[in-house]
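This note's numbering runs 15 ahead of the 1-based position in the sequence shown.
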Amino acid sequence: MKKFKFDYIQIRIVLIFVLLLCSTGFPQKINSSELICKIIIQAEKELPPNTPVSIPIDNYISRLSASSFILEKIDNSLRLKVPTQIEPGEQSKLWWLLPKKINAGEKQVFDLVHGTPQIAPLVQINMDSDGLEIHYKNRKALRYQYAPLKPPTGENPLYVRSGFIHPIWSPGGKVLTRIQPSDHIHHMGFWNPWTKTEYEGRHIDFWNLKKGQGTVRFVKFNSLETGPVFGGFEALQQHVAFDSTKGEKVVLNETWQIRCWAPLSGNNKFWIWDFFTSQSCASLSPLTLLKYRYGGFGFRGTSDWNERNSDYLTSEGKTRKDGNGTRARWCNVYGKTDKGNGGVLFISHPENHEYPEPMRIWPQGDVFFGYCPVVYADWNMVPNESYVRKYRVIVYDGTITKDEAEQYWYNFIHLPQIDVKWFSNK
16 MKKFKFDYIQ
26 IRIVLIFVLL
36 LCSTGFPQKI
46 NSSELICKII
56 IQAEKELPPN
66 TPVSIPIDNY
76 ISRLSASSFI
86 LEKIDNSLRL
96 KVPTQIEPGE
106 QSKLWWLLPK
116 KINAGEKQVF
126 DLVHGTPQIA
136 PLVQINMDSD
146 GLEIHYKNRK
156 ALRYQYAPLK
166 PPTGENPLYV
176 RSGFIHPIWS
186 PGGKVLTRIQ
196 PSDHIHHMGF
206 WNPWTKTEYE
216 GRHIDFWNLK
226 KGQGTVRFVK
236 FNSLETGPVF
246 GGFEALQQHV
256 AFDSTKGEKV
266 VLNETWQIRC
276 WAPLSGNNKF
286 WIWDFFTSQS
296 CASLSPLTLL
306 KYRYGGFGFR
316 GTSDWNERNS
326 DYLTSEGKTR
336 KDGNGTRARW
346 CNVYGKTDKG
356 NGGVLFISHP
366 ENHEYPEPMR
376 IWPQGDVFFG
386 YCPVVYADWN
396 MVPNESYVRK
406 YRVIVYDGTI
416 TKDEAEQYWY
426 NFIHLPQIDV
436 KWFSNK
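Encoded structure:
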């Protein structure tokens with residue numbers, strides 16, 4: 016295998032603070048000189064455990080060293096230490112996961128105090144010459160293929176592809192994606208090309224690779240991050256048009272941001288990861304995404320799934336029989352495998368183009384799902400603009416009810432009310 020040289024990789028070993036989930040059985044008084052801030056989270060609706068929450072810390076980060084504080088949840092006389100992680104940037108944030116459920120109308124109180132946390136990152140990145148894997152405590156979550164993957168023996172070399180996710184693993188180790196199936200060799204697990212486009216007077220298909228009109232390629236990693244609360248990467252990809260006379264031309268630059276959230280307390284049922292994509296024209300030429308029934312991100316389900324043992328359920332109550340072409344805030348794709356039940360819940364963000372987005376759902380046969388914002392209308396991408404789409408992905412073993420799916424959707428798009436009181440001795 017060809018070894019790839021990672022020029023320009025910024026490995027962001029973010030400021031991480033892992034705090035053992037433990038508590039004392041006796042009341043503990045916090046000296047006022049130790050208290051940095053008090054945080055109160057109010058729940059309008061129920062907030063389940065493992066919900067990601069954050070506070071801005073721009074005004075204070077310069078005064079805090081990388082190992083100088085601990086977050087504690089106040090529970091009557093008990094103080095539960097909670098892992099935290101700083102996301103640096105123009106608006107730096109302190110992230111953590113709710114250790115316990117907050118019922119609707121109730122609150123949780125946290126103290127941020129001076130102290131030395133114990134460091135033990137939980138979300139890790141493993142890389143080889145072909146791909147990048149994200150692990151939770153040595154359990155695999157997903158693999159991003161950055162090296163070009165050749166097609167099966169005897170197939171057209173135009174099917175070579177990079178810049179996709181496969182496998183997606185459930186927490187119990189079930190592989191829920193499939194690549195290069197014989198019926199659609201261009202299907203690549205979880206991937207994000209456009210199908211019917213117009214560029215500089217030509218029709219370009221980045222999806223159906225055998226046409227030889229275009230493809231999508233990995234270019235480089237902009238950043239990698241690992242820590243006790245989340246881990247992931249940002250990758251640059253390019254949508255490339257082929258021309259037999261002029262050669263290749265980059266049409267779109269695209270960044271993928273994948274962030275996986277660490278489950279607390281050894282939770283084995285599900286984990287959460289976010290997929291944010293930002294696309295922009297690579298030249299002064301615009302790109303028109305023409306109205307078509309599929310295009311955008313696609314998900315090809317495991318070969319274990321078929322129309323007899325799998326189904327879809329959307330936020331509007333649609334299924335395999337009547338879901339294709341309809342709009343939905345979320346779609347649950349699920350079925351049976353050789354290891355039991357499992358599935359993937361896809362959640363679309365209200366800021367996405369054409370929200371609630373139309374969907375491509377195969378009504379028969381194997382499982383294919385995709386949000387496709389161009390089902391009913393063209394979409395013009397012009398130079399000097401960025402086009403962002405945001406999705407949350409819940410990968411799980413067992414089952415998820417409609418009410419649970421609604422709760423995951425609500426918690427993705429509605430931030431809870433968080434009140435912070437900073438103390439003068441911070």
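Note that CB positions come from ideal geometry on N, CA and C, so glycine has one too.
Between Pro431 and Pro132, what straight-line distance do the alpha-carbon atoms span, to the nearest angstrom?
-> By one-based count along the sequence shown, residue 431 stands at place 416. By one-based count along the sequence shown, residue 132 stands at place 117. Looking at the two C-alpha atoms, the distance is approximately 26 Å.
Between the beta-carbon of Asp145 and the beta-carbon of Ala162, is there less than 8 Å?
-> Within the sequence shown, residue 145 is the residue found at index 130, counting from 1. Within the sequence shown, residue 162 is the residue found at index 147, counting from 1. Yes, Cβ-Cβ distance for Asp145 and Ala162 is below 8 Å.
Is there contact here, the region 160-176 with the region 353-364, by at least three beta-carbon pairs under 8 Å?
-> no
Buried versus exposed, by CB contacts within 10 Å (16 or more), Arg176 = As a working note, residue 176 is residue 161 in the sequence shown. Buried, since its Cβ has 16 or more Cβ neighbours within 10 Å.
Just to confirm, are Lys115 and Lys436 a CB contact at a threshold of 8 Å?
-> Counting from one through the sequence shown, the residue named residue 115 turns up at place 100. Counting from one through the sequence shown, the residue named residue 436 turns up at place 421. No, Cβ-Cβ distance for Lys115 and Lys436 is not below 8 Å.
With C-beta atoms as the reference, is Gly310 less than 8 Å away from Leu304?
-> Taking the first residue of the sequence shown as 1, we reach residue 310 at position 295. Taking the first residue of the sequence shown as 1, we reach residue 304 at position 289. For the pair Gly310 and Leu304, the CB atoms are nearer than the 8 Å cut-off.
With Asn426 as the anchor, note down where its beta strand (DSSP E) starts and where it stops.
-> Stepping through the sequence shown from its first residue, residue 426 is reached at position 411. For Asn426, there is no enclosing beta strand (DSSP E); the residue is part of the alpha helix (DSSP H) that begins and ends at Lys417 to Ile428.
Check Pro114 in the structure and name its three-state DSSP category.
-> For the purposes of this step, residue 114 is taken as residue 99 along the sequence shown, with counting starting at 1. Reduced to three states, the DSSP call for Pro114 is coil.
Per DSSP, the bridge partner or partners of Asp381 = Stepping through the sequence shown from its first residue, residue 381 is reached at position 366. According to DSSP, Asp381 bridges with nothing at all.
Have a look at Phe236 and Ala250 and give me their C-alpha separation to the nearest angstrom.
-> Within the sequence shown, residue 236 is the residue found at index 221, counting from 1. Within the sequence shown, residue 250 is the residue found at index 235, counting from 1. So the two alpha carbons sit approximately 4 Å from each other.
So which of Gly120, Ile149 and Gly104 has the shortest CA-CA distance to Ile287?
-> Sequence index remark: in the sequence shown, residue 287 carries index 272 (1-based). Here the closest residue by C-alpha is Ile149.
Pull up the CB-CB distance for Asp301 and Met396, whole angstroms please, since I reckon it's below 8 Å.
-> Looking up residue 301 in the sequence shown gives position 286. Looking up residue 396 in the sequence shown gives position 381. As written in the sequence, residue 301 is Pro, which differs from the Asp given in the question. Pro301 to Met396, Cβ: 6 Å. Contact.
Report whether the distance from the Cβ of Glu269 to the nearest heavy atom of the ligand PLP is below 7 Å.
-> The model on display carries no ligand, and the ligand PLP is accordingly not part of it.
Whose CA, out of Pro186, Tyr214, Leu224 and Lys211, lies closest to the CA of His199?
-> Taking the first residue of the sequence shown as position 1, residue 199 is located at position 184. Taking only the C-alpha atoms, the option nearest His199 is Leu224.
C-beta contact flag for Ser401 and Ser293 at 8 Å = For this step, residue 401 is matched to residue 386 along the sequence shown. For this step, residue 293 is matched to residue 278 along the sequence shown. The answer is yes: Cβ separation under 8 Å.
Determine the direct distance from the alpha carbon of Pro398 to that of Arg154, and round the result to whole angstroms.
-> Along the sequence shown, read from residue 1 onward, the residue named residue 154 stands at position 139. Along the sequence shown, read from residue 1 onward, the residue named residue 398 stands at position 383. Straight-line Cα distance between these residues: approximately 41 Å.
C-alpha distance - Val389 paired with Tyr307, whole-angstrom precision = For the purposes of this step, residue 389 is taken as the residue at position 374 of the sequence shown. For the purposes of this step, residue 307 is taken as the residue at position 292 of the sequence shown. Distance between the alpha carbons of Val389 and Tyr307: 6 Å.
Span separating the alpha-carbon of Ser330 from that of Lys284 = In the sequence shown, the residue the question calls residue 330 occupies position 315. In the sequence shown, the residue the question calls residue 284 occupies position 269. Those two C-alpha atoms are separated by around 21 Å.
So, do the region 370-385 and the region 337-350 have three or more beta carbon pairs nearer to each other than 8 Å?
-> yes
Look at the alpha carbon of Val33 and the alpha carbon of His129, and state the distance between them as a whole number of angstroms.
-> By 1-based counting over the sequence shown, the position of residue 33 is 18. By 1-based counting over the sequence shown, the position of residue 129 is 114. Low confidence applies to Val33: its pLDDT is 36, below 50, so where it sits in the model is not reliable, and the reading given next is rough at best. For Val33 and His129, the gap between their C-alpha atoms comes out near 14 Å.
Under 6 Å Cβ to Cβ from Phe438, same chain only, skipping five residues before and after it: list those, please.
-> Along the sequence shown, one-based indexing puts residue 438 at 423. Excluding positions up to five away in sequence, the list reads Leu50.
What is the DSSP secondary structure of Cys37, counted as helix, strand or coil?
-> Looking up residue 37 in the sequence shown gives position 22. Caution applies to Cys37, whose pLDDT of 37 falls short of 50 and renders its modelled position unreliable; the model cannot decide the point.
Residue span of the beta strand (DSSP E) that contains Val124, given as start and end = On the sequence shown, residue 124 is found 109 positions in, with the first residue counted as 1. Per DSSP, Val124 belongs to the beta strand (DSSP E) from Lys122 to His129.
Which one or two residues does DSSP pair with Gly229 in a beta bridge?
-> Taking the first residue of the sequence shown as position 1, residue 229 is located at position 214. DSSP, once it has assigned bridges, lists Ala256 as partnering Gly229.
Burial state of His201, where buried means 16 or more other Cβ atoms lie within 10 Å | Residue mapping note: residue 201 aligns to position 186 of the sequence shown, counting from 1. Label assigned to His201: buried.
For Phe41, count neighbouring Cβ atoms within 10 angstroms of its own Cβ and tell me buried if that reaches 16, exposed if not.
-> Numbered from its first residue, the sequence shown carries residue 41 at position 26. Summary for Phe41: the model assigns pLDDT 36, below 50, so the residue's position carries little reliability; its value from the coordinates is reported in the next sentence. Residue burial annotation: Phe41 is exposed, with fewer than 16 other C-beta atoms found within 10 angstroms of its C-beta.
In terms of alpha-carbon separation, which member of Asp353, Pro71, Ser185 and Val234 lies closest to Ile409?
-> Position 394 of the sequence shown, counting from 1, holds the residue named residue 409. Closest by alpha carbon: Ser185.
Are the Cβ atoms of Ser69 and Lys122 separated by less than 8 Å?
-> Counting from 1 along the sequence shown, the entry for residue 69 is found at position 54. Counting from 1 along the sequence shown, the entry for residue 122 is found at position 107. Their beta carbons are not under 8 Å apart, which means Ser69 does not touch Lys122 by this criterion.
In DSSP terms, what Leu93 is bridged to = On the sequence shown, position 78 is the one that residue 93 refers to. Per DSSP, Asp90.
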